[in-house]
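Take the sequence shown: its position 128, counted from the start at 1, is 128 in full-length UniProt numbering, and no numbers get skipped.
Note that the Cβ used here is the ideal one computed from N, Cα and C, for glycine as well.
Below is one structure, written out as structure tokens, with a few remarks after it.
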Amino acid sequence: MATITCIDDLKQLYRRRVPRMFYDYAESGSWTEQTFRENVSDFSRIHLRQRVAVDMTNRSTATTMLGQDVAMPVALAPVGLTGMQSADGEIKAARAAERFGVPFTLSTMSICSIEDVAEHVSKPFWFQIYALNDDDFNRRIIDRAKAAGCSALVITVDLQILGQRHKDLKNGLSAPPKFTLPVLLDLATKWRWGFEMLGTKRRFFGNIVGHVEGVSDPSSLSAWTAEKFDPALNWDRIRRLMDMWGGKVVLKGVLDVEDAERAAEIGADAIVVSNHGGRQLDGAPSSIRMLRPIVDAVGNKTEVWMDSGIRSGQDVLKAVAMGARGVMIGRAYVYGLGAMGEAGVTRALEIIHKELDTTMALCGERRVTELGRHNLLVPRGFSDGWE
Ligand SMILES: Cc1cc2nc3c(=O)[nH]c(=O)nc-3n(C[C@H](O)[C@H](O)[C@H](O)COP(=O)(O)O)c2cc1C
1 MATITCIDDL
11 KQLYRRRVPR
21 MFYDYAESGS
31 WTEQTFRENV
41 SDFSRIHLRQ
51 RVAVDMTNRS
61 TATTMLGQDV
71 AMPVALAPVG
81 LTGMQSADGE
91 IKAARAAERF
101 GVPFTLSTMS
111 ICSIEDVAEH
121 VSKPFWFQIY
131 ALNDDDFNRR
141 IIDRAKAAGC
151 SALVITVDLQ
161 ILGQRHKDLK
171 NGLSAPPKFT
181 LPVLLDLATK
191 WRWGFEMLGT
201 KRRFFGNIVG
211 HVEGVSDPSS
221 LSAWTAEKFD
231 PALNWDRIRR
241 LMDMWGGKVV
251 LKGVLDVEDA
261 ERAAEIGADA
271 IVVSNHGGRQ
281 LDGAPSSIRM
291 LRPIVDAVGN
301 KTEVWMDSGI
311 RSGQDVLKAV
321 AMGARGVMIG
331 RAYVYGLGAM
341 GEAGVTRALE
351 IIHKELDTTM
361 ALCGERRVTE
371 LGRHNLLVPR
381 GFSDGWE
């Protein structure tokens with residue numbers, strides 16, 4: 001591909017370069033994928049107010065998230081198996097984020113371990129934890145994140161059990177992949193990926209393997225999830241995890257006003273309005289639709305962020321103008337990583353930044369912190385009118 005101008009170009013390249021199993025793992029939602037699709041399509045229902053003859057000089061996309069300076073209101077979301085999209089993928093993404101000046105969140109289900117990533121960056125990153133039914137493991141992993149200098153704990157609250165993605169079951173998703181005939185045929189055309197993967201030792205769940213006893217098959221995400229994730233999670237247990245951590249906490253995966261109120265009540269420093277990129281409850285509304293009522297309910301008590309469906313700087317602007325303090329991106333950076341490694345993550349961030357900056361200018365705004373609902377034309381009934 002000659003020139004990469006948008007996130008979709010990175011996605012096309014990613015599709016050509018990364019084994020089908022891992023492309024499908026990222027590029028799918030649960031069951032019918034209704035929520036996965038609507039996360040993206042609902043952004044295009046919102047329009048922007050074009051303003052003219054406004055001084056557009058000296059623009060700034062800088063702001064803060066959790067009190068931390070960020071070059072734009074975008075953080076890299078926790079994404080499991082990132083090190084299968086590109087060898088040492090978590091390290092590459094963390095470095096690209098650090099250089100760009102945006103936060104990186106490491107998933108519990110990463111390939112590179114917390115310690116691996118910490119060794120390769122110079123500033124603190126955030127760590128995402130899934131609440132497990134094993135307090136001993138919870139405590140140990142939280143202690144490891146503290147020892148590695150992580151500056152915030154992102155507790156994911158929308159995955160007590162795993163939503164079903166048909167393709168993962170059909171593809172036999174595992175890390176590393178099992179060498180069946182279809183996998184080998186696919187790998188024959190993805191030689192660059194295979195070559196780089198042979199050059200690293202990081203091919204298993206780095207935070208899990210060697211740290212958990214009694215898990216029969218840690219190569220399989222669904223097997224481990226079924227055994228260890230906590231179907232009995234409740235607000236008391238979330239509060240217990242927050243106490244174990246004792247620092248800044250983000251609760252990720254809130255999509256309902258009542259839950260947002262509970263999250264604010266127990267003292268979350270930020271919440272992420274999210275449906276897990278359409279990977280959990282298929283049929284749930286898109287995150288961008290639920291953002292406004294949640295901001296109205298708790299925006300003065302906690303930072304409200306959102307994720308799911310962001311593929312451009314225009315999407316970032318729409319979310320921020322709707323009231324989000326910041327957003328997280330998942331697939332948009334994974335496409336870049338799979339396409340071009342660390343440089344691809346940087347490219348994804350550059351694209352989103354340029355789009356955000358230019359869109360801001362054409363909306364007649366100079367500061368990302370001054371965006372608001374006055375910049376948007378939202379169709380009537382977009383966020384309400386449910387029965
Ligand atoms: C391939 C993939 C793996 C993910 N793994 C995790 C994870 O380990 N922990 C987590 O909290 N969220 C995980 N998520 C959800 C993301 O953090 C984020 O909510 C979602 O990607 C946002 O939607 P977007 O991809 O449309 O930006 C994952 C998402 C994808 C696409």
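H211: CB within 8 Å of a non-hydrogen atom of ligand 1: no
Whole-angstrom C-beta distance between D269 and L132, which should lie under 8 Å: Contact doesn't hold; Cβ gap of about 22 Å is too wide.
Alpha-carbon spacing of F204 relative to I7, whole angstroms: 28 Å
Delimiting residues of the beta strand (DSSP E) encompassing Q128: Start and end: W126 to Y130.
When Y335, D135, W126 and V52 are compared against D24, the one with the closest alpha-carbon: The alpha carbon of D24 has as its nearest neighbour, out of Y335, D135, W126 and V52, the alpha carbon of Y335.
Of the listed residues I161, A77 and A145, nearest to L281 (C-alpha basis): I161
Endpoints, beta strand (DSSP E) assigned at G83: Here G83 belongs to no beta strand (DSSP E); instead the alpha helix (DSSP H) covers T82 to Q85.
Distance between L255 and I294 (C-alpha atoms, nearest Å): Distance between the alpha carbons of I294 and L255: 8 Å.
G247: CB within 8 Å of a non-hydrogen atom of ligand 1: no
Three-state secondary structure assigned by DSSP to G326: strand
A131 CB to nearest heavy atom of ligand 1 below 8 Å: Shortest gap from the CB of A131 to any heavy atom of ligand 1: 8 Å or more.
Proximity winner among A118, D158, L106 and E196, relative to M340 (alpha-carbon distances): E196
Exposed unless 16 or more other CB atoms sit within 10 angstroms - verdict on T346: buried
R59 - DSSP class collapsed to helix/strand/coil: In the structure shown, the three-state DSSP call for R59 is coil.
Contact belief for K252 with T108 at Cβ below 8 Å, rounded distance in angstroms: With 8 Å as the limit, K252 and T108 do not qualify as a contact, their Cβ atoms being about 12 Å apart.
Cβ neighbour criterion (16 or more within 10 Å) applied to S44: Answer is exposed; the Cβ neighbour count stays below 16.
Test item: CB-CB of R373 and A321 under 9 Å: yes
Inter-residue spacing [alpha-carbon to alpha-carbon] between H47 and S312: 14 Å
Contact under 9 Å by Cβ, N207 with S86: With contacts defined by Cβ atoms closer than 9 Å, N207 and S86 do not form a contacting pair.
Alpha-carbon spacing of A284 relative to A175, whole angstroms: 29 Å
Backbone CA spacing between P19 and K11 [nearest angstrom]: 13 Å
V378 versus D42: straight-line alpha-carbon distance, rounded: 10 Å
Inter-residue Cα distance where the pair is D135 and R59: Distance between the alpha carbons of D135 and R59: 47 Å.
Nearest-angstrom beta carbon gap, M306 and V273 [assumed within contact, 8 Å]: 4 Å
Start-to-end residues for the alpha helix (DSSP H) that takes in G344: R331 to L362
Element boundaries [beta strand (DSSP E), containing W305]: E303 to D307
Cβ-based neighbour list, R144, same chain, cut-off 6 Å, excluding 5 preceding and 5 following: Answer for R144: I114, listed in chain order.
Identity of the residue in E38, N300, G210 and V249 nearest I129 by Cα: V249
Closest residue to E98 among L173, D88, L76 and T82 (Cα-Cα distance): L76
Rounded separation between H211 and L81 - CA only: 17 Å
Closest by C-alpha distance to V183, when choosing among A226, V54, E355 and M21: M21
Three-way DSSP call (helix, strand, coil) for G253 in this model: strand
Burial state of L185 (16 or more Cβ within 10 Å): exposed
Given 8 Å, three or more beta-carbon pairs between the stretch 24 to 39 and the stretch 354 to 364: no
Proximity of K318 and I271 at Cβ, strictly below 9 Å: no
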